[in-house]
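For the sequence shown, counting from 1, position 592 maps to 1081 in the working numbering; every step adds exactly one.
C-beta atoms are modelled at their ideal positions from N, C-alpha and C, and glycine is treated no differently.
What follows is one structure encoded as structure tokens, with my remarks underneath.
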Amino acid sequence: MKATHWEIIQKNWTTLLNDVQAEDISNILFENKVFSLEDNEIITKGKSTCKKMEKLLQILRNKPAPVNAFEKFLEALKKDDCYSHIVEALEKTPVTSNSQFITKGDPTEWNKQIRSAFQKALKHFEKNRSADRILIIICLFSKDYETMLEGCEEVLTSFPNKWVVYAETEHIAKMWKKEMIQRKKVDEKDASDRFVVGMTWEQINDTIEQVTTHAVAHGCILPQAVGSFTKPIPEKKLKSWCDVELLSSSDPEVSEDISKKVLEKFYKGESVDWLNFWFEGQVLQRSHDIHLSELVKKALTEEAENKVSTVIIFHHPGSGATTSAKLVLWELRQQYRCCVIRRITEDTIDQLQEIRKFREPSASPKPVLILVDNEDEEKYRQLKQNLEVKCKLLSRENPEVIKVFFTMLFCIRKASLPQQILDHQMLLEQKLTKQEQKTFGKKHKQLTSEYEKNKENIDPKYLISFNILKNDFSPEYIRKSVKEFIKGIKDEREITLLSYIALLNKYDPQFRSIPVSCFDAVFRNRSENYKKLPDAFKRCTYWEANLSQAVQVLLSISPQKKTGASDARISLRVLHRLVADSLLDNLITDKNSLSDIMLSLINSIIFDHDTEDFMHLENIVGDIMKRREFNQSDGKKEMFSPFITQVNKDSGDEVSIQLFCDFFDRNHDPFIAQQIARFYYYLKNWDKAESYAQRATELKPKCSFLWDTFGRVYKEQLRDEYDKIKKTMDKDKKHDNNFVKKLINLAKKAIFYFKKVQELTEESLFNVSENNLAGYFGELQTQIIFLRLLEKCQCFKNRSHLMKCLVSKDFSENCFRFLNSDEITFLSQLEDNCMNTLRVLDEQYLQVREDAQFDVAVYSGTYGRELQNFVSLMFDFHDYFGEPKDFSYIKNLPEPEASMHRWRIALKHGAMSLNLLLRFRAEGIENKGEKQFAKKLSTIYKVMLPNLNSGICEFDYHLAMLNAVTLLVVEGLTIHECKQLTYPQVLDWTKKLLDCKQPNEKRPYVEPYMYFVMFNFPSEKRSDFSLCTIKKLEEACEKWRKAYIVKFGDAEARTLFYLAQNDLLMDLVHSDTFPMEGRDNWDHPEMRKYLVLYSGTVEIGGKKVNVKITRDNNTLYLSIPTSYTVKKNLWQKETYFFVGFSFSGPKAYGIPQEPPETIDDIEQDVPCSGKYLSKDKSSFSFRASNEHQKSFPQLRGVSKLIDLKRKLDLRQALLDDALQVAWEDHVADALKD
């Protein structure tokens, strides 16, 4: 938008925000192609009318001039008469700005409006730079610097003797000198010594460029899906994408002169530069490069389930993974938009989305290729999860079918590589193939020959990183080379420098460079060795330019530009991680241990600063002290970081604690306090552990992970008590009452702090980075350990006695008189607390997290281990609160006590949640345990039926029954497992469940709404039954949506069930029965025979459809969401679709304008989930045939087989199984009144 137009809007800002409805304008601007769907989405997220309008105006401002955004904004306002007065005001608003002219600054205005802000900027600059390394360059382009003199005065006041002035002629510089001398800011000598006059600006630019880094191509351009390229992206826009480094499709504009320079840096050990790919022959071909390229190209073109595909390289440190990954980006940069993640922040996702759409004329842009290089695995997972959520939302709103939005190439550094990998993953070891060894040998001969011909060329002897590869990562070569170079170092300060950097680089997970200014103190007294510099440029440092040759060979000394910074800092790093290992091994002695080096660093004056450079160093040391790695064998995180583990092994506990405490005293990092607490409870020093856990939470009270450590302090004490009992010789020994009181006190404290974790998690439930389930796991584990300890206490005779007391909540026996009321209340509430916590884990882990699992976790073990842990805890819970195997005693119990016991039996078989039963179903299919799963469902139905028939309207009873009945319907087992079940019964149970008061209104269940809507949703075969009214159905859908948002926000929910063309109580199918990855499948003719087809009208906006329902000769409409945004040409037109159900509500799928064709040679009644008997009647197949799973057209060839299988008597197969008969008889006897 032009500056004049924006000035008009600003002058009418209040009126526009208060009087204009954003929705009225945004839809018109969308139709006029000014706004995109993404723009409208941003606007609707405004929390108030004013906020929405503010977002609209900001988006309008950023539209390029050719769009004519302001004119079209006026046209939109004119379409509504109520805005006529606003249009008139906008058109009459006078403007003073001119986008083509910028007025000269005025000293008075400077002093009034700008001076204070400029002073603050100078203070910020001074604080974040080492004072010894500041040099201010003042450029005088003309004599019109009257206002600039005011700013220069501030600069010279803040930075005396740290400035220099450039001017082309003495005539331009004369007034500046005179004015500054009059103001007493400089003297005659300064005015002479600190002026550079006579150089052209081109010469000045060349000079500055020579002492800084080289510049890669000016003008970044990006490829477009149509095959063309964008115009060069403005520098301001590039800077706004500060979380990523964008790779231009254009070729670099550089001369051959810098070829040797970039080659030398790369071969010495610096990270590969894009120019290394540009200059032919610098990056040598590796044998795995072709395979990696094929994996990436496949990921870019094939359908991705969540619209985000991944390729993962697990690699040894220094094996060349980053180079290979960047080579792929370089080769594809003219076909796909490529970028490298610099850092992961809350803005990263938005920046990636903007890069994907920027100046992209196509409605279906190509995927963006993203390289994430050796970041923390948790950050990988968070980034991918958040990106998937965003892409799913966009895919539903985009009318075009887009296979993949982003492809992420991950480089994950691991000391030990996984034993097994998936198809989209590869391993890269510190090992060369024979062909690679020949390639590197040939290159070495070429470099040697060039050096012998001309000694000004690079001596291959000093190309350490290249030689490591040439020698196939030989440890012997590295040791020999490092030892040889160390012999040539005589200065103790250089030895100290190498010790610090080797330690930092060896144990820093990210292998970061350290700014040279951090080590100025080490070389403080070395001024006699400095090269003589002109007085105007003299500084008290520059020691890095005078290091001995051996040190310069071992270290990489180069500019490093920090993300978001405008300048590059000279930084140090060991050339290669393997060199850092060998270097540190050579420098560690009996008098100078690993811990001694770190203590020397922490306690030196190096840390007596607070500039940005020193904060960077502090962050590196912090990560070294606290960053733990995953154990490859069991997937758990190690107790401590590799550095602390090694120090503890070499020097013992006291030294490790000293390191922690000394560092904490300097930086007061709450996460270091957390590590100290962990170390103390590892040493079983409970008081100290409690003290530091408390300090950590005081420093950062809103961090749930710190409160989790606080809870673990007490949980570990309980575990310690349990371990002592297990180790004792007398395992039957009972402990006294005081021991019980101690256990209760520890358990109460642990649970209190784990509850605090849960509260903080609830507050940030929809923030993936803060969604910490450890509090729920911690509480359950504490309770299970506590219960196991109670078994060993004399007040409980045995486990049966303990179970009876816990279930009945009766502690009135004489043996419990020593307990006070609070302790009895705590024991009585154990079951309810456990149930609530299990429910939350069930929802969060199985329901929300299952689709968001990250394949890196397959090898770190996190996902699978958490699932196993959850299931294990659930069974542990039922060991204490469930029922014994022999439950025949129930028939002698009165109601409602008998109902409660029957419900506990159902819980033990998984009736607690639909999620858990679905998990058992998946395991049954995978492990051929279909019959066992059928038994579970049958048992739940039979034990819960007397409860529901008794007239007791309990929420938990109806939920357990409908969990089982739903899957009996889905699995097609109702005809033999529950012969007496009728459809009216199910409808009645869904109504009662919906009407029951929920146990926890803060965490509402969504299942009651799902079952009510799903079984009451009208279809032709249900038309003879008394379904609920359409109004009641709409109310239930609205409450369902609200309940889901309360619990899960906008998290994506996978569709579970669809309405099928089958008989009643067999008319639901599970989503895994047929492939649903692409929308094209919905249009296939077989779908008409498989699922119930509905018709209706798409609402304006394309996000909802009105389902047409005929009842009693009346036509009614039910509004439900669509699975994606429907194209505009179908709005308010009749379409056809299928209906599916997820935890978040019903959705319409398909949306063709014409009904799908039918195929007459397919049997009308297709089984709902393919639960057919094989030729062997004693075994089930809980899937459709392989042909059916792979492709619907192949149903033609198996129609006769389907017809044959449907005629088999499913019930007879079960009854022929003697074990099943015995089981049914046992259950029937146990439940018989």
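Straight-line gap, residue 1428 to residue 918 (C-alpha atoms, nearest Å) | Walking along the sequence shown from the start, residue 1428 turns up at place 939. Walking along the sequence shown from the start, residue 918 turns up at place 429. So the two alpha carbons sit approximately 52 Å from each other.
Same chain only: Cβ atoms within 6 Å of residue 656, ignoring 5 sequence neighbours per side = Here the question's residue 656 lines up with position 167 in the sequence shown. 629, 662, 686.
Could you name the residues of the same chain whose beta carbon sits closer than 8 Å to that of residue 501, not counting the 5 residues immediately before and after it, in chain order?
-> Here residue 501 is taken as the residue at index 12 of the sequence shown, counted from 1. Excluding sequence neighbours, residue 501 sits near 575, 578, 579, 582.
Element boundaries [beta strand (DSSP E), containing residue 654] | As a first step, residue 654 must be located in the sequence shown, where it is residue number 165. Its beta strand (DSSP E) spans residues 652-656.
DSSP on residue 1599, reduced to helix/strand/coil?
-> Along the sequence shown, one-based indexing puts residue 1599 at 1110. Strand.
What are the boundary residues of the beta strand (DSSP E) that residue 669 is part of?
-> Residue numbering aside, residue 669 sits at position 180 when the sequence shown is read from its first letter. No beta strand (DSSP E) holds residue 669; the alpha helix (DSSP H) holding it covers 659-671.
Would DSSP call residue 1029 helix, strand or coil?
-> Position 540 of the sequence shown, counted from the start, is the residue given in the question as residue 1029. Only weak support is given to the placement of residue 1029: the predicted model assigns it a pLDDT of 44, under 50, and the value that follows is read from those uncertain coordinates. Residue 1029 falls in the coil class under three-state DSSP.
CA-CA distance, residue 1455 and residue 1120?
-> What you label residue 1455 is simply residue 966 of the sequence shown in a count that begins at 1. What you label residue 1120 is simply residue 631 of the sequence shown in a count that begins at 1. Going by the C-alpha atoms only, they are around 41 Å apart.
Alpha carbon of residue 1622 to alpha carbon of residue 1611, nearest angstrom = For the purposes of this step, residue 1622 is identified with residue 1133 of the sequence shown, where counting begins at 1. For the purposes of this step, residue 1611 is identified with residue 1122 of the sequence shown, where counting begins at 1. Cα to Cα, residue 1622 sits roughly 14 Å from residue 1611.
Have a look at the DSSP bridge pairing and note the partners of residue 1586.
-> If you number the sequence shown from 1, residue 1586 lands on position 1097. Residue pairing from DSSP places residue 1586 in a beta bridge opposite 1595, 1623.
Any idea if residue 1369 is buried or exposed, counting beta-carbon neighbours within 10 angstroms, 16 or more meaning buried?
-> Here residue 1369 refers to the residue found at position 880 of the sequence shown. Counting Cβ neighbours within 10 Å, residue 1369 comes out buried, since at least 16 surround it.
Whole-Å CB distance - residue 1278 paired with residue 1207, under 8 Å assumed = For the purposes of this step, residue 1278 is taken as the residue at position 789 of the sequence shown. For the purposes of this step, residue 1207 is taken as the residue at position 718 of the sequence shown. A Cβ-Cβ separation of about 7 Å places residue 1278 in contact with residue 1207 under the 8 Å criterion.
When you compare only the Cα positions, how much space is there between residue 1319 and residue 1299?
-> As a position in the sequence shown, residue 1319 is number 830, starting the count at 1. As a position in the sequence shown, residue 1299 is number 810, starting the count at 1. Roughly 13 Å separates the two Cα atoms.
In whole angstroms, what separates the C-alpha of residue 745 from that of residue 958?
-> Looking up residue 745 in the sequence shown gives position 256. Looking up residue 958 in the sequence shown gives position 469. Taking the straight line from one Cα to the other gives about 26 Å.
For residue 1087, which residues does DSSP report across the bridge?
-> Residue numbering aside, residue 1087 sits at position 598 when the sequence shown is read from its first letter. Bridge partners of residue 1087: none, in fact.
Output the distance between the C-alpha atoms of residue 1062 and residue 1003, rounded to the nearest integer angstrom.
-> Position 573 of the sequence shown, counted from the first residue, corresponds to residue 1062. Position 514 of the sequence shown, counted from the first residue, corresponds to residue 1003. Distance between the alpha carbons of residue 1062 and residue 1003: 7 Å.
Below 9 Å between beta carbons: does that hold for residue 803 and residue 910?
-> Counted from its first residue, the sequence shown places residue 803 at position 314. Counted from its first residue, the sequence shown places residue 910 at position 421. It is a contact, given that the beta carbons lie within the stated cut-off.
Name the DSSP beta bridge partners of residue 803, please?
-> Numbered from its first residue, the sequence shown carries residue 803 at position 314. Among the bridge pairs identified by DSSP, residue 803 is matched with 901, 916.
Span of the alpha helix (DSSP H), counted from its first residue to its last, around residue 572 = The residue given as residue 572 occupies position 83 in the sequence shown. Careful: residue 572 lies outside any alpha helix (DSSP H) and carries neither H nor E.
Beta-bridge pairing of residue 1606 - partner residues as DSSP gives them | To locate residue 1606, count along the sequence shown from 1; it is residue 1117. In DSSP, residue 1606 forms a bridge with 1597.
Among the residues of its own chain, which have a CB less than 6 Å from the CB of residue 771, if the five just before and after it don't count?
-> On the sequence shown, position 282 is the one that residue 771 refers to. Closer than 6 Å at the Cβ level, and outside the excluded window around residue 771, lie 752, 765.
Helix, strand or coil: which one does DSSP assign to residue 500?
-> In the sequence shown, counting from the first residue as 1, residue 500 sits at position 11. Here residue 500 sits in helix by DSSP.
Note down the Cα distance separating residue 1177 from residue 1192, rounded to an integer number of angstroms.
-> Mapped onto the sequence shown, residue 1177 falls at position 688. Mapped onto the sequence shown, residue 1192 falls at position 703. Between residue 1177 and residue 1192, the C-alpha separation is close to 21 Å.
In three-state DSSP terms, what is residue 1636?
-> The residue given as residue 1636 occupies position 1147 in the sequence shown. Reduced to three states, the DSSP call for residue 1636 is strand.
Could you tell me the distance, in whole angstroms, from the CA atom of residue 876 to the CA atom of residue 797?
-> Along the sequence shown, read from residue 1 onward, the residue named residue 876 stands at position 387. Along the sequence shown, read from residue 1 onward, the residue named residue 797 stands at position 308. The alpha-carbon atoms of residue 876 and residue 797 are separated by roughly 7 Å.
Starting from the Cα of residue 672, find the closest Cα among 645, 653, 660 and give me that residue.
-> Here residue 672 is taken as the residue at index 183 of the sequence shown, counted from 1. When only C-alpha atoms are compared, the closest one is 645.
Looking at the structure shown, is residue 1473 part of a helix, part of a strand, or coil, going by DSSP?
-> As a working note, residue 1473 is residue 984 in the sequence shown. It is helical.
If residue 987 sits next to residue 1087, beta carbons under 8 Å apart, how far is it from one beta carbon to the other, in whole angstroms?
-> Locating residue 987 in the sequence shown gives position 498, where the first residue counts as 1. Locating residue 1087 in the sequence shown gives position 598, where the first residue counts as 1. That pair is no contact at about 14 Å.
Chain-order list of residues whose beta-carbon lies under 8 Å from that of residue 1749 (same chain, five-residue window excluded) | Residue 1749 cannot be examined here, being either before or after the span of the chain that is shown, 490 to 1722.
So, helix, strand or coil for residue 990, using DSSP?
-> As a working mapping, residue 990 is identified with position 501 in the sequence shown. Correct three-state label for residue 990: helix.
Counting along the chain, where does the beta strand (DSSP E) carrying residue 1547 start and finish?
-> Sequence index remark: in the sequence shown, residue 1547 carries index 1058 (1-based). Start and end: 1546-1548.
Fully enclosed by the region 847-887, which alpha helix (DSSP H) runs are 4 residues long or longer?
-> 866-886
Anticipated Cβ contact below 8 Å, residue 1457 with residue 1426, distance rounded = Within the sequence shown, residue 1457 is the residue found at index 968, counting from 1. Within the sequence shown, residue 1426 is the residue found at index 937, counting from 1. About 5 Å; that satisfies the 8 Å criterion.
In the DSSP assignment, find the unbroken alpha helix (DSSP H) run with residue 1429 in it and report its ends.
-> For the purposes of this step, residue 1429 is identified with residue 940 of the sequence shown, where counting begins at 1. Residues 1419-1438.
Is the region 1078-1094 touching the region 1135-1144 in the sense that three or more CB pairs, one from each, lie closer than 8 Å?
-> yes
From the DSSP output, which residues share a beta bridge with residue 1004?
-> Taking the sequence shown and counting its residues from 1, one reaches residue 1004 at position 515. Beta-bridge pairing links residue 1004 to 1060.
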